[in-house]
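In what follows, a structure is listed as structure tokens, so that the remarks can point back to it.
In full-length UniProt numbering, the protein residues as written are 1 to 596.
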């Protein structure tokens, strides 16, 4: 009797998913490069709003590229976690270079790569370059007998393209590896001496904000960190000793626990209170930035040498809301004007007029209720009941929400509250959630995936193949799955709306939409799986940025994102500032303090 052949299922790979993957697409395209190059040139293309690279939208996913540019902290965070503090200083220098790029610089490094897998390739390439550059000339392998591992200084002999005389075969190297390594080395050399840009320095002070990847900055007495996303804390390492770090309590927890920075350098500050920085002429206040847990706006109140007092506001990354402009320390005319506003200009583009967070969360909850009701109707079918064994476990619908290392929490928390169920996240993510000091969230977490109806996974795992395998692993308790991918890039205004907003007056831009109802439709659907993209962002939309600027008396605005497109940014900034000059400054009308 022949033994039945077992089918091995991989959680991360299926034949189907391979032929949809970027590697397969790249392999196929190489065999037809002449034909494809002509076809691609004829396809519609759009510039990436982050790195300004032209992307052929019909052949490459714009969403994948943009999320890679702006929201690469997951991949970079993995690099941080994998760094061993006992590596040699040269290895640490190169790894630091790779993982400390801020969002814009990171995006520029990806111009020749169009899929998420390229992030891993770049990090590996950077590490390989570092290993080769620091190797000794000896071919023998050195082993650390105490720790039983190969020392970095001998990696060159192990990964050399030329083998010993006993083995004449060469290891096949990826195409253009040398060119890529040359670019990495050139960028590394530039990074070592790169000065801190002006928009990272706070005027009239000796402090910088989110500027850890510039090493020891001359004339700097302290480093402020707005939130725990790697494009902002990049460069912050276990051996940090360049100066005190000021941040919120939640961010301090993550810096200590995840990056293992010496607690003596980490100074958490209270929220909503004026705090004088020792040994300086600066008092600072932290205000919730509505971005991710622990994210803050920094209000710097500076006494100049001539005894005049100025106020500078740094937003870091933020989702502008009326409550910020109504804050006792910011509301005007109760307070003096903002002399300098350092502004998160990620979405200062009229095509990104996406809905408010509350509207997106409500749409997700409505979708979950609708899907569960439809599933219940199917189960109530008489014929279905007749075929169902009474002793069989009653299976449920699994709700999966994509998230970042820190961010998107409000989506899955509100869904779990509605369903009155537990939340499951893997061990690494659960540990992060415990650092957020949210007792209600802690009480909702469980270590048993079968006990929770709401699961949290990495945003990049919200793909059809991954979700199919995820459901298969839990098939004894769940018979269907709906997944949500919350990202601001999921929304775009129509071409006509974008053109209109380009030339509209400030009073028109800040007007709320006439219809605020949001309905979600799946962008993937199978028998038992649906995937929804949700236009939920933790950055300010175009209209919210306009409303924020219109609500405050601001003398100067300095963009901190998309600096390479400063002409486009200042087109709107200067236009709005001029229009404000003829009107009384007041908070833009709002339906709720949480959104405009």
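Positions of the beta carbon are idealized from the N, C-alpha and C atoms, including for glycine.
Burial state of residue i, where buried means 16 or more other Cβ atoms lie within 10 Å
{"i": "residue 444", "result": "buried"}
{"i": "residue 274", "result": "exposed"}
{"i": "residue 573", "result": "buried"}
{"i": "residue 296", "result": "buried"}
{"i": "residue 540", "result": "buried"}
{"i": "residue 41", "result": "At residue 41, the pLDDT of 43 sits below 50, so the modelled position is not reliable; the number obtained from the coordinates is stated separately. Looking at its Cβ environment, which holds fewer than 16 other Cβ atoms inside 10 Å, residue 41 is exposed."}
{"i": "residue 405", "result": "buried"}
{"i": "residue 442", "result": "exposed"}
{"i": "residue 397", "result": "buried"}
{"i": "residue 351", "result": "buried"}
{"i": "residue 271", "result": "exposed"}
{"i": "residue 194", "result": "exposed"}
{"i": "residue 684", "result": "Lying before the first or after the last residue shown, residue 684 is absent from the chain, which here runs from 1 to 596."}
{"i": "residue 204", "result": "buried"}
{"i": "residue 226", "result": "buried"}
{"i": "residue 563", "result": "exposed"}
{"i": "residue 516", "result": "exposed"}
{"i": "residue 478", "result": "buried"}
{"i": "residue 538", "result": "buried"}
{"i": "residue 591", "result": "exposed"}
{"i": "residue 290", "result": "buried"}
{"i": "residue 571", "result": "exposed"}
{"i": "residue 231", "result": "buried"}
{"i": "residue 561", "result": "buried"}
{"i": "residue 584", "result": "exposed"}
Three-state secondary structure assigned by DSSP to residue i
{"i": "residue 581", "result": "coil"}
{"i": "residue 479", "result": "strand"}
{"i": "residue 287", "result": "strand"}
{"i": "residue 39", "result": "With a pLDDT of only 47 at residue 39, under 50, the local geometry of the prediction cannot be trusted, and the value read off the model is given with reservation. Helix at residue 39."}
{"i": "residue 277", "result": "coil"}
{"i": "residue 222", "result": "strand"}
{"i": "residue 597", "result": "Residue 597 lies beyond the range of the chain shown here (1 to 596); nothing can be said about it."}
{"i": "residue 295", "result": "coil"}
{"i": "residue 530", "result": "strand"}
{"i": "residue 303", "result": "strand"}
{"i": "residue 397", "result": "strand"}
{"i": "residue 586", "result": "coil"}
{"i": "residue 462", "result": "coil"}
{"i": "residue 198", "result": "helix"}
{"i": "residue 488", "result": "helix"}
{"i": "residue 597", "result": "In the structure as shown, the chain begins at 1 and stops at 596. Residue 597 is therefore absent and cannot be evaluated."}
{"i": "residue 352", "result": "coil"}
{"i": "residue 411", "result": "helix"}
{"i": "residue 209", "result": "strand"}
CB of residue i within 8 Å of CB of residue j, strictly
{"i": "residue 400", "j": "residue 423", "result": "no"}
{"i": "residue 224", "j": "residue 318", "result": "no"}
{"i": "residue 542", "j": "residue 254", "result": "no"}
{"i": "residue 268", "j": "residue 292", "result": "no"}
{"i": "residue 587", "j": "residue 421", "result": "no"}
{"i": "residue 228", "j": "residue 294", "result": "yes"}
{"i": "residue 529", "j": "residue 481", "result": "yes"}
{"i": "residue 437", "j": "residue 250", "result": "yes"}
{"i": "residue 402", "j": "residue 395", "result": "no"}
{"i": "residue 415", "j": "residue 364", "result": "yes"}
{"i": "residue 220", "j": "residue 206", "result": "yes"}
{"i": "residue 533", "j": "residue 566", "result": "no"}
{"i": "residue 497", "j": "residue 320", "result": "no"}
{"i": "residue 265", "j": "residue 202", "result": "no"}
{"i": "residue 555", "j": "residue 337", "result": "yes"}
{"i": "residue 536", "j": "residue 368", "result": "no"}
{"i": "residue 602", "j": "residue 281", "result": "The displayed coordinates of the chain run from 1 to 596. Any statement about residue 602 would go beyond what the structure contains."}
{"i": "residue 216", "j": "residue 242", "result": "yes"}
{"i": "residue 450", "j": "residue 419", "result": "no"}
{"i": "residue 593", "j": "residue 322", "result": "yes"}
One or two residues paired with residue i in a DSSP bridge
{"i": "residue 247", "result": "268"}
{"i": "residue 595", "result": "592"}
{"i": "residue 600", "result": "Here the chain comprises residues numbered 1 to 596, so residue 600 is not present and cannot be evaluated."}
{"i": "residue 227", "result": "Answer by DSSP bridge pairing: none, since residue 227 is not bridged."}
{"i": "residue 455", "result": "400 and 424"}
{"i": "residue 525", "result": "530"}
Sufficient close CB pairs (3 or more, under 8 Å) joining the stretch 463–472 to the stretch 309–316: no
State whether the stretch 491–499 contacts the stretch 514–528, with contact taken as three or more CB pairs (one from each stretch) at a distance under 8 Å. no
Below 8 Å, how does it come out for the stretch 353–365 and the stretch 322–332: are there three or more Cβ pairs, yes or no? no
Three-pair Cβ contact test at 8 Å for the stretch 194–212 versus the stretch 229–243: yes
Any contact of the stretch 280–288 with the stretch 339–353, i.e. 3+ C-beta pairs under 8 Å? no
Can we say the stretch 544–557 touches the stretch 566–582, given the rule of at least three CB pairs closer than 8 Å? yes
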